[in-house]
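Chemist:
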Amino acid sequence: MRFIFSFFLLLVSFVSASEDRFKLPELTMPENNLSFSTIQGYEDYHIVATHFRTDKKELRYILANPIAYEALKNKTEVMPDGSILVKIGWDVEEMELFPSALEAKEVQRVEYMIKDSKRFDHDGDHWGYARFVKQENAEYKSWDKGTHSCISCHQIAKENDYLFTRYQKVF
Ligand code: HEC
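One point on numbering: in numbering that gives the first Met the number 0, the residue at position 72 of the sequence shown is 71, and numbering is uninterrupted.
Structure representation (structure tokens):
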């Protein structure tokens, strides 16, 4: 009986925890049909790198899903199908208590790249690209200017499987 009761409690806490989770908006990229919900739960992915774009004054976190994380850790040269890298861009502000320190303010965008060799092939680049931009009303909007610019700029990183990210190992 006690066992059944504990099981019930566990179930209730699991259901309420999953209800608390932020549900990603129902948005799809017009060009390649990649949806925002593909990365539902990305807050649980591993952070593998942090970058700062001085021109855009944006702090970027790069997260990897379990497939991409294993591949990065093992220095796999070509990331396997199913790999996802997510980039979150934050604008920054001076920290009130210590102005020479900048802290993240608001999320500006969430982007991802997903490896799918059957679905995508831009001259050997097997990544699908998706970008969701936060608007002034705080709602997200899918990027409607196409993915040709993503593909062409990521060519710079061709030797690293089109990824700029290098795994920033903590230990
Ligand atoms: C003009 C160049 C340029 C364009 C255009 C561009 N990127 Fe990137 N991207 C970068 C650079 C540089 C980085 C690494 C620095 C950073 O995190 O911003 C990066 C990083 C990324 C990452 C993390 C994985 C990695 O390669 O490091 C993702 C995901 C990503 N971009 C998605 C996109 C998507 C989606 C688009 C198009 C909608 C896009 N990018 C367009 C230059 C570009």
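Where a beta carbon is used, it is the ideal one built from N, C-alpha and C, also for glycine.
State yes or no: is the C-beta of K86 nearer than 8 Å to some heavy atom of the ligand HEC?
Modeler: Against the sequence shown, residue 86 aligns to sequence position 87. Indeed, a heavy atom of the ligand HEC lies less than 8 Å from the Cβ.
Chemist: Which one of E105, H121, Y111 and G127 has the shortest CA to CA distance from E135?
Modeler: Position 136 of the sequence shown, counted from the start, is the residue given in the question as residue 135. The option with the nearest alpha carbon to E135 is E105.
Chemist: Of all the alpha helix (DSSP H) runs that stay within the bounds of the region 52-92, which reach a length of 4 or more residues?
Modeler: Runs of the alpha helix (DSSP H) inside the region 52-92: 65-72.
Chemist: Is the beta carbon of R52 closer than 9 Å to that of G88?
Modeler: Position 89 of the sequence shown, counted from the first residue, corresponds to residue 88. Position 53 of the sequence shown, counted from the first residue, corresponds to residue 52. Cβ atoms of G88 and R52: closer than 9 Å.
Chemist: For the 8 Å Cβ check, are there 3 or more pairs between the region 52-61 and the region 71-80?
Modeler: Short answer: they don't touch.
Chemist: Answer yes or no: the CB of H153 versus the heavy atoms of the ligand HEC, is any distance below 8 Å?
Modeler: Counting from one through the sequence shown, the residue named residue 153 turns up at place 154. The answer is yes for H153.
Chemist: So, with DSSP's three-state summary, where would you put A103?
Modeler: Position 104 of the sequence shown, counting from 1, holds the residue named residue 103. A103 falls in the strand class under three-state DSSP.
Chemist: Where do the ends of the beta strand (DSSP E) carrying S151 lie?
Modeler: The sequence position of residue 151 within the sequence shown is 152, counting from 1. No beta strand (DSSP E) contains S151, which is instead part of the alpha helix (DSSP H) from H147 to H153.
Chemist: When you compare only the Cα positions, how much space is there between H50 and D90?
Modeler: By one-based count along the sequence shown, residue 50 stands at place 51. By one-based count along the sequence shown, residue 90 stands at place 91. Spanning the two alpha carbons is a distance of roughly 12 Å.
Chemist: Going along the chain, which residues of its own chain have a beta-carbon closer than 7 Å to the beta-carbon of F119, five neighbours each way excluded?
Modeler: Taking the sequence shown and counting its residues from 1, the one referred to as residue 119 is at position 120. Closer than 7 Å at the Cβ level, and outside the excluded window around F119, lie H125, W126 and G127.
Chemist: Taking 6 Å as the limit between beta carbons, can you name the residues of its chain near E110, skipping five residues before and five after?
Modeler: For this step, residue 110 is matched to residue 111 along the sequence shown. Answer for E110: K86 and R130, listed in chain order.
Chemist: Relative to the C-alpha of I113, which candidate in A48, F35 and E42 has its C-alpha closest?
Modeler: Residue mapping note: residue 113 aligns to position 114 of the sequence shown, counting from 1. Nearest option by C-alpha distance: F35.
Chemist: What is the C-beta distance between G145 and E25, in whole angstroms, given that I count them as a contact (C-beta under 8 Å)?
Modeler: Within the sequence shown, the letter at position 146 stands for residue 145. Within the sequence shown, the letter at position 26 stands for residue 25. Not really, about 21 Å apart at Cβ, beyond 8 Å.
Chemist: Hey, would you say the C-beta of R59 is under 8 Å away from at least one heavy atom of the ligand HEC?
Modeler: Residue 59 sits at position 60 when you count from the first residue of the sequence shown. Yes; taking the cut-off as 8 Å, the Cβ of R59 has a heavy atom of the ligand HEC nearer than that.
Chemist: Can you list, in chain order, the residues of its chain with a C-beta nearer than 6 Å to that of E95? Leave out the 5 residues immediately preceding and following it.
Modeler: Within the sequence shown, residue 95 is the residue found at index 96, counting from 1. Excluding positions up to five away in sequence, the list is empty.
Chemist: Taking the beta carbon of H147 as the centre, do at least 16 other beta carbons fall within 10 Å, making it buried, or is it exposed?
Modeler: Taking the sequence shown and counting its residues from 1, the one referred to as residue 147 is at position 148. Counting Cβ neighbours within 10 Å, H147 comes out exposed, since fewer than 16 surround it.
Chemist: Tell me the DSSP secondary structure of K133 in three-state form.
Modeler: The count along the sequence shown starts at 1 and reaches residue 133 at position 134. K133 falls in the strand class under three-state DSSP.
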